[in-house]
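Everything on this sheet refers to the single structure shown next.
Protein chains: 2
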Amino acid sequence: MASPVRRRAQESRWHTASQVLAWLRLHPGATRAALAQDLQLSSGLATELTGRMRALSLLAEAPAPPQGRGRPTTVLGAHPDGPVVLAIDLRMADWRHAVAGVDGGLRDVTGSRHVSRDPETVLADIRRVIAAVRDRYGHRLRAVALAVAGSIHDGRLAQSATLGWRDVDLTALTAGGTVPLLPGNDATLAGLAEARTGAAVGARAALHLMVEVGIGGAFTVDGQPSTGAHGAAGEYGHQPYGNRSLPCPCGSRGCWDLEIDGRALARHLGLPAPADPRGFARQLLDRAPRDTATRQALEAVAGALGAGIGGLVNVHDPDVVTLGGLAAPLRAAAPEVFAAAYTGGLMAFHRGQPPPVVDAVHGDDGALHGAAVLALDHVTSETALAEWSARPH
Amino acid sequence: MASPVRRRAQESRWHTASQVLAWLRLHPGATRAALAQDLQLSSGLATELTGRMRALSLLAEAPAPPQGRGRPTTVLGAHPDGPVVLAIDLRMADWRHAVAGVDGGLRDVTGSRHVSRDPETVLADIRRVIAAVRDRYGHRLRAVALAVAGSIHDGRLAQSATLGWRDVDLTALTAGGTVPLLPGNDATLAGLAEARTGAAVGARAALHLMVEVGIGGAFTVDGQPSTGAHGAAGEYGHQPYGNRSLPCPCGSRGCWDLEIDGRALARHLGLPAPADPRGFARQLLDRAPRDTATRQALEAVAGALGAGIGGLVNVHDPDVVTLGGLAAPLRAAAPEVFAAAYTGGLMAFHRGQPPPVVDAVHGDDGALHGAAVLALDHVTSETALAEWSARPH
DNA sequence: ACCTTATGCTCGTACCACGAGGATAATGGA
DNA sequence: TCCATTATCCTCGTGGTACGAGCATAAGGT
Chain A
1 MASPVRRRAQ ESRWHTASQV LAWLRLHPGA TRAALAQDLQ LSSGLATELT GRMRALSLLA
61 EAPAPPQGRG RPTTVLGAHP DGPVVLAIDL RMADWRHAVA GVDGGLRDVT GSRHVSRDPE
121 TVLADIRRVI AAVRDRYGHR LRAVALAVAG SIHDGRLAQS ATLGWRDVDL TALTAGGTVP
181 LLPGNDATLA GLAEARTGAA VGARAALHLM VEVGIGGAFT VDGQPSTGAH GAAGEYGHQP
241 YGNRSLPCPC GSRGCWDLEI DGRALARHLG LPAPADPRGF ARQLLDRAPR DTATRQALEA
301 VAGALGAGIG GLVNVHDPDV VTLGGLAAPL RAAAPEVFAA AYTGGLMAFH RGQPPPVVDA
361 VHGDDGALHG AAVLALDHVT SETALAEWSA RPH
Chain X
1 MASPVRRRAQ ESRWHTASQV LAWLRLHPGA TRAALAQDLQ LSSGLATELT GRMRALSLLA
61 EAPAPPQGRG RPTTVLGAHP DGPVVLAIDL RMADWRHAVA GVDGGLRDVT GSRHVSRDPE
121 TVLADIRRVI AAVRDRYGHR LRAVALAVAG SIHDGRLAQS ATLGWRDVDL TALTAGGTVP
181 LLPGNDATLA GLAEARTGAA VGARAALHLM VEVGIGGAFT VDGQPSTGAH GAAGEYGHQP
241 YGNRSLPCPC GSRGCWDLEI DGRALARHLG LPAPADPRGF ARQLLDRAPR DTATRQALEA
301 VAGALGAGIG GLVNVHDPDV VTLGGLAAPL RAAAPEVFAA AYTGGLMAFH RGQPPPVVDA
361 VHGDDGALHG AAVLALDHVT SETALAEWSA RPH
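Line by line, the protein sequences are chains A and X.
Residue 107 in our numbering sits at position 107 of the first sequence, and the numbers go up by one each step.
Residue 337 in our numbering sits at position 337 of the second sequence, and the numbers go up by one each step.
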């Protein structure tokens, strides 16, 4: 615990080290010479910093293969005894987890299907995994991030149509331990992953939209998602873009959600609401080319998707929009309809150079990667580094 | 000009000084002792910092009136030779400007009506004022911020329904000089002012919505507005919340704008679109109590306002929502309808503690104050302080 | 072998932050 | 009037990061 008086000096002490680790995650397998050049470190400072961080097990250096003339440099990587985080992605039918070191690489990616979708059972499973990882890594485990397909509010899972849960306390997962638990909405974290290592790399402001059951997303600026006051931001599916006569399970009416996912497709086809909207939509996407009615339903949905995205671009003014989950195949099913609705929804001055709408690159791994990013951001923060350095190594 | 190599040291050198000036603006007329306590500065550091900043004309100290026992402290304020900024608010019928020092206080608030609304004429007027202020303050003038009732895109005024302008280059206003021009949307800057010194003080995340002609706003996190990639964020009026059959001057259809302002009121009353939607709405608000049809029109608008705000709360998850311009009286005209639509538009888990919707406190001065905040943020940044200190005094 | 190139290391300097100890300037009571 | 009390300011020695110059080192090229 840093004394409050020493606060400013403590933090500035780890400022550059934190920058180094952030840079390392963006450039895995990079050399020390490249680090010094990118961050404009003097060679003296690079020596001192890497030395200090090596001594603290924050960094490992290995001789780099010589490339041309000059003294060979070293390759930077995570230290074998360095801090690690646990990333968990809790989805409708299954959940997965992985361990990551400060270089951002995911290790031990493991998954298993839910035996029961009952909250108590699932949370007990997760608690078991956390305990197992803590047993294996000991004090090296510094944070656990949990991506959930539902709305997060002050550390609680407020509601999840996907899982059928309502107001589940997640903080209890690491209660008793000292490891912080960082929960996040799955679409928000997938957006974070796209911004850092995905289709939105290089963009200052990026909007990610993900369709599974309903539509969610994240707006990131300089790689930081806008989380709002209680971590509940990004619920784009619950904007009144739709038909006011349709009630939404969220409690509101006319939500965009209802115009986008499998429920909307079923409605357009005159079918009852499917139990598994995601699976239903996937089926339709597969058989679309052969079925006119299905194609028309997909066109309606693609249009609703494009028009809404146009409105969101007006609100957020992103450099780029990324599509995750079913959003990408939905657009691909009716690209002209989507494009017309998208540009039609933009304010005139955006139409000269509309932000490109690109498919996400992380696929189903987005939320898991994003959870790792969230946890590693926490671990490589200046205060967390100060804490880590206070322990013996 | 700082050499790139010295960047890190230069910035950290001014880090605390920048914090001091930021704090001073939030606590005008505060004492040095209070500064040291709030920022947890050791008394030695407070001495050194204030001394350095006094020598650089960044700060003035005057003996504080003694209050009880103990050695009297000093009151901090802007130095009489310190840096200043020029804030300008360009509105439909008139424009105003003011000079501000680093303590944030607005001086010489002046206004004048447009003789002509022709862009060239108005911009020439503004150029004249900038030149006059520069003549008077010389190198002390460090930034000019310009609030405009229109959409900003990469430093240009992309379109303004209010002024009837389209794609006007604003950067030319200070061309030739070295003073940076910082343009901003008026609603965005009003939101900034509310977040720093208005109704949203203390909130981490705040949403400001302002109705004049159409509706615009700003989402601020920790006092920083989300500006997007090109400074065009916050165009809430151009989300497809409304009736798709209505074309909007922005080029899209069904914009929220068309459901909220004087044009919506006229439509509900079966009247043609008014030339001055703002004045028209003001008239109706005045005579509402005596006229049933008007009251019903106002109720429809208040409902559309509340429902949209509910959707935006789902998106942004703010701590508080502030209403500027006509938004406050529109709500007041039908508070029950507004409240029902607002909570009805919220996702269920927000309804337990919905973010309070409060009236803005800056009134018509919001954009001008926000422009001053924007300019002063620039001037008290670490790099700007480094530049200032490099000059002789 | 020697030069060239690229990088790492050492060390003196500059500067901010910190904390302890003492100085200072007011009040208020004896 | 004098002195204790209180709150603040100032001085100074220490610690720590960043910087840059100069030198050392380890390769490839000639």
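In this text, a Cβ means the ideal position worked out from N, Cα and C, and glycines have one as well.
Length of the line joining the Cα atoms of A/M1 and A/L374: The residue labelled residue 1 of chain A in the question sits at position 1 within the first sequence. The residue labelled residue 374 of chain A in the question sits at position 374 within the first sequence. For A/M1, the predicted model reports a pLDDT of 25, less than 50, meaning its position is unreliable; a value from the coordinates is still stated below. About 22 Å.
Which residues bound the alpha helix (DSSP H) around A/L35? Looking up residue 35 of chain A in the first sequence gives position 35. Counted as a single uninterrupted DSSP element, the alpha helix (DSSP H) harbouring A/L35 occupies residues R32 to D38.
Could you tell me which of A/Y342, A/A46, A/G234 and A/R32 sits nearest to A/T16, measuring between CA atoms? Locating residue 16 of chain A in the first sequence gives position 16, counting from the first residue. Nearest option by C-alpha distance: A/A46.
Buried/exposed call for X/Q239, threshold 16 Cβ in 10 Å: Here residue 239 of chain X corresponds to residue number 239 of the second sequence, with the count starting at 1. So X/Q239 ends up on the buried side.
Taking CB distances under 8 Å as the criterion, tell me whether A/S151 reaches chain X. For the purposes of this step, residue 151 of chain A is identified with residue 151 of the first sequence, where counting begins at 1. A/S151 belongs to the set of residues whose beta carbon lies under 8 Å from a beta carbon in chain X.
Give the DSSP-derived three-state secondary structure of A/D89 in the structure shown. Within the first sequence, numbered from 1, the residue matching residue 89 of chain A stands at position 89. The answer is strand: DSSP assigns A/D89 an E or B state.
Contact criterion: CB-CB distance below 8 Å. Does X/H238 meet it with respect to chain A? As a first step, residue 238 of chain X is located in the second sequence; it is residue number 238 there, counting from the start. Yes, X/H238 lies at the interface with chain A (some Cβ there is under 8 Å from its Cβ).
Inspect the beta-carbon positions of X/G306 and X/A333 and report whether they are closer than 8 Å. Within the second sequence, numbered from 1, the residue matching residue 306 of chain X stands at position 306. Within the second sequence, numbered from 1, the residue matching residue 333 of chain X stands at position 333. The Cβ-Cβ distance between X/G306 and X/A333 does not fall below 8 Å.
Look at the alpha carbon of A/V109 and the alpha carbon of A/I88, and state the distance between them as a whole number of angstroms. Here the question's residue 109 of chain A lines up with position 109 in the first sequence. Here the question's residue 88 of chain A lines up with position 88 in the first sequence. Distance between the alpha carbons of A/V109 and A/I88: 10 Å.
To the nearest angstrom, how far is the alpha carbon of X/G231 from that of X/P119? In the second sequence, residue 231 of chain X corresponds to position 231, counting from 1. In the second sequence, residue 119 of chain X corresponds to position 119, counting from 1. Whole-angstrom Cα-Cα distance: 21 Å.
If I follow the unbroken beta strand (DSSP E) through A/T188, where does it start and stop? Sequence index remark: in the first sequence, residue 188 of chain A carries index 188 (1-based). That residue, A/T188, is in no beta strand (DSSP E); its alpha helix (DSSP H) goes D186 to T197.
May I ask you to check if the CB of A/G366 is nearer than 7 Å to at least one heavy atom of the ligand FAD? The ligand FAD is absent from the structure shown, which contains no ligand whatsoever.
With 8 Å as the threshold, decide whether the Cβ of X/Y400 is near any Cβ in chain A. A question about residue 400 of chain X goes unanswered here, because the residues of chain X that appear run from 1 up to 393.
Go to X/P96, then tell me how far its beta strand (DSSP E) extends in each direction, as first and last residue. On the second sequence, position 96 is the one that residue 96 of chain X refers to. Note on residue identity: the sequence assigns Arg, not Pro, to residue 96 of chain X. X/R96: member of the beta strand (DSSP E) spanning D94 to G101, first to last residue.
Measuring alpha carbon to alpha carbon, tell me which residue in X/V144, X/L312, X/L163 and X/A199 is nearest X/A172. On the second sequence, residue 172 of chain X is found 172 positions in, with the first residue counted as 1. Per the Cα distances, X/V144.
Under 8 Å, CB to CB, which of the residues in the region 313-333 of chain A have a partner in chain X? Answer in chain order: N314, V315, H316, D317, P318 and D319.
Exposed or buried, which one is X/E48 when buried takes at least 16 other CB atoms within 10 Å? Residue mapping note: residue 48 of chain X aligns to position 48 of the second sequence, counting from 1. Its Cβ having fewer than 16 others within 10 Å, X/E48 is exposed.
Determine, using beta carbons only, whether X/L323 and X/V357 come nearer to each other than 8 Å. Walking along the second sequence from the start, residue 323 of chain X turns up at place 323. Walking along the second sequence from the start, residue 357 of chain X turns up at place 357. Their beta carbons are under 8 Å apart, which means X/L323 touches X/V357 by this criterion.
Checking the sheet assignment: what are the DSSP bridge partners for X/H350? Within the second sequence, numbered from 1, the residue matching residue 350 of chain X stands at position 350. Answer is none; X/H350 lacks a bridge partner.
How many whole angstroms separate the CB atoms of A/L90 and A/A22, which I take to be in contact at a CB cut-off of 8 Å? Locating residue 90 of chain A in the first sequence gives position 90, where the first residue counts as 1. Locating residue 22 of chain A in the first sequence gives position 22, where the first residue counts as 1. By a beta-carbon distance limit of 8 Å, A/L90 does not contact A/A22. Their separation comes to about 27 Å.
Determine the extent of the alpha helix (DSSP H) in which A/D167 is found, giving its start and end residues. Here residue 167 of chain A refers to the residue found at position 167 of the first sequence. No alpha helix (DSSP H) holds A/D167; the beta strand (DSSP E) holding it covers W165 to D169.
Segments of 3+ residues assigned as beta strand (DSSP E) that fall wholly inside the region 118-176 of chain A: The region 118-176 of chain A contains these whole beta strand (DSSP E) runs: 141-148, 151-153, 156-160 and 165-169.
Within 8 Å, do at least three Cβ pairs link the region 96-109 of chain X to the region 359-373 of chain X? Short answer: they touch.
Flag this pair as yes or no: are the beta carbons of X/V85 and X/R142 separated by less than 8 Å? For the purposes of this step, residue 85 of chain X is taken as residue 85 along the second sequence, with counting starting at 1. For the purposes of this step, residue 142 of chain X is taken as residue 142 along the second sequence, with counting starting at 1. Taking 8 Å as the Cβ cut-off, X/V85 and X/R142 qualify as a contacting pair.
Cβ pair count under 8 Å reaching 3, the region 283-290 of chain X against the region 313-320 of chain X: With the cut-off at 8 Å, the region 283-290 of chain X and the region 313-320 of chain X do not touch.
In the DSSP assignment, what are the bridge partners of X/P63? For this step, residue 63 of chain X is matched to residue 63 along the second sequence. Beta-bridge analysis with DSSP links X/P63 to X/T74.
Residues of the region 146-175 of chain A with Cβ closer than 9 Å to any Cβ of chain X, in chain order: Residues of the region 146-175 of chain A with a Cβ closer than 9 Å to any Cβ of chain X, in chain order: S151, H153, R156, A158, Q159, R166 and D167.
Out of X/A187, X/V102 and X/L163, state which residue places its alpha-carbon closest to the alpha-carbon of X/G29. Position 29 of the second sequence, counted from the first residue, corresponds to residue 29 of chain X. Measuring from the Cα of X/G29, the nearest candidate turns out to be X/V102.
Which residues DSSP lists as bridging X/I215, in chain order: Residue 215 of chain X sits at position 215 when you count from the first residue of the second sequence. X/I215 pairs with X/V211.
DSSP three-state assignment for A/V373, whether helix, strand or coil: For the purposes of this step, residue 373 of chain A is identified with residue 373 of the first sequence, where counting begins at 1. Secondary structure at A/V373: helix, using DSSP grouped into helix, strand and coil.
By the DSSP assignment, the beta strand (DSSP E) with A/L323 in it spans what residues? Counting from 1 along the first sequence, the entry for residue 323 of chain A is found at position 323. Segment V320 to G325, the beta strand (DSSP E) holding A/L323.
Taking three-plus beta-carbon pairs below 8 Å as touching, is the region 206-214 of chain A in contact with the region 254-262 of chain A? Judged by Cβ distances under 8 Å, the region 206-214 of chain A makes contact with the region 254-262 of chain A, as three or more pairs qualify.
For A/E235, which residues in the same chain have their Cβ closer than 7 Å to its Cβ, ignoring the five residues on either side in sequence? Working through the first sequence from its first residue, we reach residue 235 of chain A at position 235. Cβ-Cβ distances below 7 Å link A/E235 to S151 and G216 in the same chain, with the five nearest sequence neighbours on each side left out; the list follows chain order.
Cβ-based contacts, 9 Å cut-off: residues of the region 39-52 of chain A near chain X: Here the close residues are L39, Q40, L41, S42 and L45.
Outcome for X/S57 when other beta-carbon atoms lying within 10 angstroms are tallied against a minimum of 16: Counting from one through the second sequence, the residue named residue 57 of chain X turns up at place 57. Around the beta carbon of X/S57, a 10 Å sphere encloses 16 or more other beta carbons of the protein chains shown; the residue is thus reported as buried.
Among the candidates X/G68, X/T31 and X/P65, whose CA atom is the shortest distance from the CA of X/R50? Taking the second sequence and counting its residues from 1, one reaches residue 50 of chain X at position 50. Checking the sequence shown, residue 50 of chain X turns out to be Thr, not Arg. The option with the nearest alpha carbon to X/T50 is X/T31.
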